[in-house]
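First comes the structure, then the notes that go with it.
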Amino acid sequence: MTSAELTTAPTPSALRIPGPATPYQGDIARYWDGEARPVNLRLGDVDGLYHHHYGIGEVDTAALGDPDDRESEKKLIAELHRLESAQTDVLLGHLGDIGSGDTLVDAGCGRGGSMVMAHQRFGCSVEGVTLSAKQADFANERAAELGIDDRVRATVCNMLSTPFATGSAAASWNNESSMYVDLDDLFAEHSRVLKAGGRYVTITGCWNPRYGQPSKWVSQINAHFECNIHSRREYLRAMADNRLVPQAVIDLTPDTLPYWELRATSSLVTGIEDAFINSYRDGSFQYVLIAADRV
Ligand SMILES: C[S@@+](CC[C@H](N)C(=O)[O-])C[C@H]1O[C@@H](n2cnc3c(N)ncnc32)[C@H](O)[C@@H]1O
Ligand SMILES: CC(C)=CCC/C(C)=C/COP(=O)(O)OP(=O)(O)O
Ligand SMILES: [Mg+2]
1 MTSAELTTAP
11 TPSALRIPGP
21 ATPYQGDIAR
31 YWDGEARPVN
41 LRLGDVDGLY
51 HHHYGIGEVD
61 TAALGDPDDR
71 ESEKKLIAEL
81 HRLESAQTDV
91 LLGHLGDIGS
101 GDTLVDAGCG
111 RGGSMVMAHQ
121 RFGCSVEGVT
131 LSAKQADFAN
141 ERAAELGIDD
151 RVRATVCNML
161 STPFATGSAA
171 ASWNNESSMY
181 VDLDDLFAEH
191 SRVLKAGGRY
201 VTITGCWNPR
211 YGQPSKWVSQ
221 INAHFECNIH
231 SRREYLRAMA
241 DNRLVPQAVI
251 DLTPDTLPYW
261 ELRATSSLVT
271 GIEDAFINSY
281 RDGSFQYVLI
291 AADRV
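Residue 1 is where the sequence shown starts when you use the UniProt record's numbering, and the numbers rise one by one after that.
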């Protein structure tokens, strides 16, 4: 299938492009094929938007109600989910003016929650890539259920080598997926796929060069997710080397701490909560949004 066909003739099921480029990518594909943590599925079940990222914003304590209430766990799950969708809203708000005729690229799309939200907001087409066939199938099934599978599609594909035509995307993003790849290779591919003047946005966790080196908490997060968190400096340097000029760099660390503090009180904890809370508090780790212009 040619790039032109890929961007103009979506099919409801996941396209499969030759497998992982490295043994590491094979590990990551298996990791996400096997992932079924209740914290992700129960939150997604709230409204059918399935995310694999974290939340931002103030907790609505009124919405949580009385902790002794029988419905309190359900309310807490709904609140965590609201904060995760609020995170996507902030990312989408940095994509610039997107029209219904535009195509966006979601690099590392997971189960597709951000893609659905992008289509609902802009009316545009969204092409997502993930290493996991299970995730791509899930995302495509959700798009079909919503009747938007002609505009929203996930493909099993390496984000460093996508089938999308050069200069074809009005905007592209990584939502908590850039810690799985080399940043030079990643930004070279975004830069190729984006049209001149297009916008790239990432929300990511990065280690803070001011701390010195990755802290023990950052190492714990890497081990937990089999990822390799980059420093803030690496992001900015790799963007500069690949025609991506930062338009906004926003430290979302204070905005994500309430999500983690709330999540730590829920029955859906996974054991990684303290590593995030401690590293955000000691300054070794930061949750950032970087929006850049493709020049
Ligand atoms: C933490 S999840 C984030 C999912 C999604 N962006 C979201 O916000 O819900 C990380 C995603 O990155 C994807 N990923 C990691 N390395 C990749 C690569 N080289 N190519 C494509 N996808 C990749 C994984 O398959 C997974 O879908
Ligand atoms: C900010 C950083 C470093 C993110 C690492 C990537 C990652 C695994 C994100 C969340 O996925 P998830 O939603 O599947 O995780 P969890 O099960 O913990 O909610
Ligand atoms: Mg999650």
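The beta carbon of each residue, even a glycine, is placed where N, CA and C say it ideally should be.
| Distance cut-off 6 angstroms: Thr270 Cβ against heavy atoms of ligand 2 | yes
Quick check on the burial criterion: 16 or more other C-beta atoms within 10 angstroms. Buried or exposed for Gln213? exposed
- Query: Buried or exposed: where does residue 298 fall if 16 or more other Cβ atoms within 10 Å of its Cβ makes it buried?
  - Reply: Residue 298 is absent from the structure shown; the chain starts at 1 and stops at 295.
Within 10 Å of its beta-carbon, does Val295 have 16 or more other beta-carbons around it, so buried, or fewer, so exposed? exposed
Query raised in the report: How many Å lie between Leu80 and Ala143 at the Cα?
Result: 23 angstroms
Excluding the 5 residues flanking Val90 on each side, which residues of the same chain have their C-beta closer than 7 angstroms to its C-beta? Ile56 and Leu289
| message | What residue range does the beta strand (DSSP E) around Thr265 cover? | response | That residue, Thr265, is in no beta strand (DSSP E); it is neither H nor E in DSSP.
Starting from Gly44, trace the alpha helix (DSSP H) in both directions and tell me its first and last residue. Pro38 to Gly44
- prompt: If we count Cβ pairs, one from each stretch, closer than 8 angstroms, do we get three or more for the stretch 271-282 versus the stretch 187-203?
  reply: no
Test item: CB-CB of Cys124 and Ser85 under 7 angstroms: no
How would you write the range of the alpha helix (DSSP H) that Val193 sits in, first residue to last? Leu183 to Val193
Within 6 angstroms: the Cβ of Arg232 and any heavy atom of ligand 2? no
Span separating the alpha-carbon of Leu236 from that of Gly96: 20 angstroms
With burial defined as no fewer than 16 other Cβ atoms inside 10 Å of the residue's Cβ, what is the status of Ala14: buried or exposed?
Legend: pLDDT at Ala14 = 48, less than 50; position of this residue unreliable, no value from coordinates given.
(request) Run the proximity test for residue 358: is its beta-carbon closer than 6 angstroms to any non-hydrogen atom belonging to ligand 2? (result) No answer is possible for residue 358: it lies beyond the span of the chain, which begins at 1 and ends at 295.
I want to know whether the stretch 160-170 touches the stretch 201-221 - three or more CB-CB distances under 8 angstroms. no
| message | Here's the rule I'm using: 16 or more other beta-carbon atoms within 10 Å means buried, otherwise exposed. How should Ser161 be labelled? | response | exposed
key: Check: Asn174 C-beta below 6 angstroms from any heavy atom of ligand 3   = no
* Asked: Would the C-beta of Asn40 count as close to ligand 3, meaning under 6 angstroms from any of its heavy atoms?
  -> yes
### Task
Could you give the DSSP three-state label for Gln247: helix, strand or coil?
strand
Practice item. Tell me whether Leu131 counts as near ligand 1, meaning its Cβ is closer than 6 angstroms to at least one heavy atom of that ligand. Key: yes
Say the cut is 6 angstroms; is the CB of Ile28 nearer than that to a heavy atom of ligand 1? yes
For a test of the three-state rule: what should DSSP assign to Asn222, helix, strand or coil? helix
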